[in-house]
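Colleague:
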Amino acid sequence: MKVGFLQFEPFFKEKEKNLQKIEKLLENVNAELLVLPELATTGYAFETKKELFPLAEPIPGPSTKRLAKIASSKNISLVFGIAELDESRSSCEGRDENNIYNSAVLISPRGSVYKYRKIHLFFREKLIFTPGNLPFEAIDIKGVKLGLLICFDWLFPEATRTLSLKGAQIICHPANLVLPYCQPVMQTRAIENRVFIITSNRTGIEKNYKFTGKSQVVNPKGEVILKARQEECVKIIEIEPKEALDKNLNEYNNIFKDRREDFYFK
Ligand code: ACM
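Here the sequence shown is numbered in our numbering, starting from 2 and rising by one per residue.
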C-alpha cells in the first residue's frame, strides 16, 4: 500500500488559497493514503472563537466536498485537519453559540466521510474549540483499518493504545507541532502497539508559534521509514499494512495478550 504525507505551510485565514495550494500539491500524487496537517485549510493561530467562526464549516461541507473530488479522481484516501462547525444547535440560538471542533476528516476514494474530533486540546486551543466527544474508532477502508489522532493526542499513550486495541493498523496523525518531542515519541508509540504511524506536520511561523515540520512515517518496529525536513512536499512510501496485525514480539510475548489490566490504574 502506498502511503504518505503532504507537508506544507498554510496561509493563515485564507481557506481558498489553502485549498488551491493543496490541490496543486496533489496534482501528480500517486498513492492510496495521504495525510495532511491539522487545520490545513485555515491555519492555526486563532485567538478567539469569534475570529474562527467565519472559517469553520460542517463535515461534510465545502472543503470536504472539494477534497472528495481529488480522493475519487485519484483513487486515494485523504486525511486532513479542519475547523468543524457543529450546526446541531437551533439557528435561533445564534451561530456564535455553536461548537467548533478541531477535527480530522477521512475521505475514502468512494466518497465515504469519517471524522474525529480532537480529544486532547493543546494550550490556547481550549479557549476556542470544544473538546472532542466521539470515540476513537478503527475505520475499515478496502480491508485496512485506519485510526485518526490529532497533534497533541501524541502525549496521551491511551489514545494510540485505544485505536490499536480496536484494530487500527495505520494511525493517521495530522499535526501542527510546536514542541520538539512528538516525532521521536511516535517511534515508541509505534513499537508499543506494533502499528504504522503517519504524522503530517505543518511548517512555518504564525504569531508566536513556530511549527516543526519533520513529518514522518514510522513502521511497527519504530523505524522512521520516511521523513521530511522543513520543505513543502508530498512524500510516499510503500508499506505492508499486514505487518501491523502481528502483535507477537517473540514466541512467548504478545504485546496485547501480555497486558495485565488488573494491575493498571483505572
Ligand atoms: C497541537 O496540538 N497543535 C500542538
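C-beta atoms are modelled at their ideal positions from N, C-alpha and C, and glycine is treated no differently.
I'd like the list of long-range same chain contacts for G148, defined as Cβ closer than 6 Å, with 5 residues on each side in sequence excluded.
Modeller: Hits under 6 Å: A139, L164, A169, I172.
Colleague: Which first and last residues belong to the beta strand (DSSP E) in which N103 is found?
Modeller: First-last of the beta strand (DSSP E) with N103: 101-108.
Colleague: Can you tell me the Cβ-Cβ gap for A72 and I108, rounded? I've got them flagged as a contact below 8 Å.
Modeller: With 8 Å as the limit, A72 and I108 qualify as a contact, their Cβ atoms being about 4 Å apart.
Colleague: Would you call the region 192-199 in contact with the region 218-227, where contact means no fewer than 3 C-beta pairs closer than 8 Å?
Modeller: Yes, they touch.
Colleague: Report the three-state DSSP secondary structure of E85 (helix, strand or coil).
Modeller: Here E85 sits in strand by DSSP.
Colleague: At a cut-off of 7 Å, would you count F9 as near the ligand ACM, judging by its Cβ distance to the nearest heavy atom?
Modeller: F9: no, Cβ never under 7 Å from the ligand ACM.
Colleague: Given 7 Å as the limit, tell me if V179 has its C-beta closer than that to any heavy atom belonging to the ligand ACM.
Modeller: Result yes, Cβ under 7 Å from the ligand ACM.
Colleague: Quick one: does the C-beta of F6 sit closer than 7 Å to a heavy atom of the ligand ACM?
Modeller: F6: no, Cβ never under 7 Å from the ligand ACM.
Colleague: For the ligand ACM, any of its heavy atoms closer than 7 Å to the Cβ of E39?
Modeller: E39: yes, Cβ under 7 Å from the ligand ACM.
Colleague: Contact check, K215 vs G5 under 8 Å by CB: the rounded distance?
Modeller: About 14 Å separates the two Cβ atoms, so there is no contact after all.
Colleague: When every heavy atom of the ligand ACM is checked, does at least one fall within less than 7 Å of the C-beta of F123?
Modeller: Yes.
Colleague: In three-state DSSP terms, what is K243?
Modeller: K243 falls in the helix class under three-state DSSP.
Colleague: Measuring alpha carbon to alpha carbon, tell me which of T42, C234, G133 ends up nearest A160.
Modeller: It is G133 whose Cα lies nearest to the Cα of A160.
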